Amino acid sequence: MLNKLRKKIISMNMGLVGIVLISVCVLVCINVYNVQLSAVEHALRQTLAGHLPNIPRPDFTAPYLPDHSDSSDDYSERSQRRITASALVFINPDMAGSYTTTQNSLALENSIIDSAVQAALACDRDMAALDDYNLYYLKDVDSDSNTIKIAFVDSSSLKNALKKVVIWSIVLVLGGLIFIFFISLLLSGLAIKPIRLAWRQQQRFMADASHELKTPLTVILANNNILLAHPDDLIKNQNKWLASTQEEAQHMGNLINDMLFLAKSDEGNPLVLADVNFSDICESDVLQFEPVAFERGLTLGSSVEPGIILRGDNTQLNQLVHIFLDNACKYTPSGGTLFLSLSRSSGIVRLVVSNSGKPIPAESLPHLFDRFYRIDSSRTKNSMAGGFGLGLSIAKTIAEKNGGAIYVESTAEKGTVFSVIFK
Numbered sequence: 199m200l201n202k203l204r205k206k207i208i209s210m211n212m213g214l215v216g217i218v219l220i221s222v223c224v225l226v227c228i229n230v231y232n233v234q235l236s237a238v239e240h241a242l243r244q245t246l247a248g249h250l251p252n253i254p255r256p257d258f259t260a261p262y263l264p265d266h267s268d269s270s271d272d273y274s275e276r277s278q279r280r281i282t283a284s285a286l287v288f289i290n291p292d293m294a295g296s297y298t299t300t301q302n303s304l305a306l307e308n309s310i311i312d313s314a315v316q317a318a319l320a321c322d323r324d325m326a327a328l329d330d331y332n333l334y335y336l337k338d339v340d341s342d343s344n345t346i347k348i349a350f351v352d353s354s355s356l357k358n359a360l361k362k363v364v365i366w367s368i369v370l371v372l373g374g375l376i377f378i379f380f381i382s383l384l385l386s387g388l389a390i391k392p393i394r395l396a397w398r399q400q401q402r403f404m405a406d407a408s409h410e411l412k413t414p415l416t417v418i419l420a421n422n423n424i425l426l427a428h429p430d431d432l433i434k435n436q437n438k439w440l441a442s443t444q445e446e447a448q449h450m451g452n453l454i455n456d457m458l459f460l461a462k463s464d465e466g467n468p469l470v471l472a473d474v475n476f477s478d479i480c481e482s483d484v485l486q487f488e489p490v491a492f493e494r495g496l497t498l499g500s501s502v503e504p505g506i507i508l509r510g511d512n513t514q515l516n517q518l519v520h521i522f523l524d525n526a527c528k529y530t531p532s533g534g535t536l537f538l539s540l541s542r543s544s545g546i547v548r549l550v551v552s553n554s555g556k557p558i559p560a561e562s563l564p565h566l567f568d569r570f571y572r573i574d575s576s577r578t579k580n581s582m583a584g585g586f587g588l589g590l591s592i593a594k595t596i597a598e599k600n601g602g603a604i605y606v607e608s609t610a611e612k613g614t615v616f617s618v619i620f621k
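Read left to right, the sequence shown gives residues 199 to 621 (this note's numbering).
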């Protein structure tokens with residue numbers, strides 16, 4: 199699916215850029231054609247203008263060079279000077295089939311000129327292209343002498359210019375598409391990367407959630423089957439199966455609540471923030487976990503600076519401290535120590551929860567806050583409540599939602615230290 203999405207992104211980019219490039223090239227070609235056509239028309243009119251009825255008819259074969267001093271169109275004049283091959287034909291209607299050619303620089307045979315003249319006379323338009331002869335013509339009739347004048351110019355300059363523009367346009371479009379393809383390939387890979395990561399996390403999330411839900415459901419169904427198989431002594435002798443079912447149902451309820459919390463967090467629902475006394479929250483949670491630590495043979499200490507106020511959600515901040523203390527109690531061996539500290543310095547509030555014990559492997563630290571990530575199954579099995587690998591992921595979400603950043607380090611000397619920095 200992601201590969202199809204990447205192909206669509208590349209196709210859309212190439213399609214849009216291709217349309218833009220082709221449109222630009224078409225406009226350039228049209229503009230070049232119009233400019234060259236204007237130059238051809240200018241050359242034709244200059245050729246005709248050099249032989250007005252009140253000027254003696256010239257008798258020479260050299261190319262006609264018009265006087266540019268009487269023209270205001272400098273660009274057309276420069277273009278016309280490039281069209282040097284021209285010819286002017288005078289046709290006397292009183293002498294059928296006879297014509298006089300002057301200033302012929304087209305280097306065409308008389309038979310070709312004759313055919314061009316006949317084609318021009320047969321055409322209803324005063325100006326048109328004679329593609330068979332690579333010529334443009336412009337004809338005019340002298341009302342006084344009833345003489346038909348036809349000017350011819352070579353159309354090769356127009357065709358060559360247009361051909362060059364078309365070739366360069368094709369090269370530009372193909373080169374641009376190839377360039378855009380590789381750029382789109384690179385950028386689409388970068389764009390797809392977070393989507394691919396999120397997709398993999400979602401797949402792993404669904405697989406792990408299904409696995410976590412399957413176990414308690416299996417236990418519940420097995421307990422119910424046992425109860426149904428012995429209906430007579432349901433209350434008297436089967437209390438242990440009811441207790442097991444209750445425990446697994448509670449297990450499922452906790453998992454579903456954690457999953458719902460993360461799902462709601464992913465939706466980006468805004469929090470209702472208020473001033474929260476974070477010092478009171480930390481002291482209260484430490485008191486709650488003192489019996490737990492005592493039962494496991496752990497030493498729990500704390501150092502909480504009083505009067506620290508945070509702008510955040512009271513319930514979530516309480517849950518954040520609870521998760522850290524709960525994890526510390528679960529994964530600290532008997533006889534170990536736990537310590538919570540809360541301090542404020544230069545506008546920064548720092549919450550630190552540390553515990554002694556075996557350090558977390560360095561390769562596991564980057565994944566510690568991933569959903570359903572657990573270093574090994576024995577850590578969960580030996581825990582007092584049975585974890586899902588969601589606690590630290592929830593803690594990270596809570597810290598970020600309340601404007602904090604969470605960090606972890608684990609060494610043999612210091613143990614495992616979780617820190618949350620609030621501004």
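Cβ atoms here follow ideal geometry from the backbone N, Cα and C, with glycine treated the same way.
Please read these numbers as outputs of a predicted model, since none were measured by experiment.
So, for residue i: in the same chain, excluding its five sequence neighbours on each side, which residues have a beta-carbon less than 8 Å away from its beta-carbon?
| i | result |
| --- | --- |
| VAL170 | Lying before the first or after the last residue shown, residue 170 is absent from the chain, which here runs from 199 to 621. |
| LEU515 | VAL474, PHE476, ILE479, LEU508, ILE596, ASN600 |
| LEU360 | CYS227, VAL230, TYR231, GLN234 |
| GLY505 | ASN475, SER477 |
Please state the DSSP three-state secondary structure of residue i.
| i | result |
| --- | --- |
| GLY601 | coil |
| SER501 | strand |
| GLY373 | helix |
| GLU488 | helix |
| ASN475 | strand |
| ILE629 | The requested residue 629 does not occur in the structure, where the chain is confined to residues 199 to 621. |
| ILE506 | coil |
| ARG548 | strand |
| PHE380 | helix |
| ARG542 | strand |
| LEU588 | coil |
| ASP340 | strand |
| THR345 | strand |
| PHE522 | helix |
| VAL287 | strand |
| THR530 | coil |
| VAL470 | coil |
| CYS227 | helix |
| GLY213 | helix |
| GLY387 | helix |
| LEU566 | coil |
| ARG398 | helix |
| LYS205 | helix |
| LEU623 | The requested residue 623 is not part of the displayed model; the chain covers only 199 to 621. |
| ARG243 | helix |
| LEU624 | The shown model of the chain, from 199 to 621, leaves out residue 624, and the question about it has no answer. |
Any beta carbon from chain B within less than 7 Å of residue i's own beta carbon?
| i | result |
| --- | --- |
| VAL226 | Reference to chain B is not applicable here, since this structure consists of a single protein chain. |
What residues in its chain sit with their C-beta under 6 Å from that of residue i, if we drop five residues either side in the sequence?
| i | result |
| --- | --- |
| ALA314 | LEU328, TYR331, LEU333 |
| LEU336 | LEU242, MET325, ALA349 |
| ASN553 | ALA526, THR530, LEU536, GLY613, THR614 |
| ARG255 | Residue placement at ARG255 is flagged as unreliable, the pLDDT there being 36, under the threshold of 50; the coordinate-derived value follows with that caveat. Excluding residues within five positions, none has a Cβ falling inside 6 Å. |
| PHE567 | LEU590, SER591, LYS594 |
| ILE381 | none |
| GLN207 | Correcting the residue identity first, residue 207 is Ile in this sequence and not Gln. Closer than 6 Å at Cβ, skipping near neighbours: SER386. |
Within its chain, find whatever has a CB closer than 7 Å to the CB of residue i; leave out the 5 residues flanking it on each side and keep chain order.
| i | result |
| --- | --- |
| CYS223 | SER367, LEU370, VAL371 |
| GLY495 | SER532, GLY533 |
| ILE390 | LEU200, LEU203, ARG204 |
| VAL238 | ILE281, TYR334, VAL351, SER353, LEU356 |
| ILE378 | ASN211, MET212, VAL215 |
| ASN475 | ILE507 |
| PHE522 | VAL551, ALA593, PHE616 |
In terms of DSSP beta bridges, what is residue i paired with?
| i | result |
| --- | --- |
| TYR335 | ALA326, PHE350 |
| ASN553 | LEU536, THR614 |
| SER309 | SER309 is not bridged to any residue. |
| GLU607 | VAL615 |
| ASP483 | DSSP output for ASP483 lists no bridge partner at all. |
| PHE620 | VAL547, GLY602 |
Can you round the beta-carbon distance between residue i and residue j to whole angstroms, since I take them to be within the 8 Å contact cut?
| i | j | result |
| --- | --- | --- |
| LEU471 | GLY510 | 6 Å |
| SER309 | VAL351 | Going by Cβ atoms, the distance from SER309 to VAL351 rounds to 19 Å, so no, they are not a contact pair. |
| MET212 | LEU375 | 6 Å |
| THR609 | PRO557 | 6 Å |
| VAL547 | SER617 | 11 Å between Cβ atoms; not a contact. |
| GLN234 | SER355 | 7 Å |
| ILE604 | GLN517 | Incorrect: roughly 13 Å between the Cβ atoms, too far for contact. |
| ASP338 | LEU246 | 6 Å |
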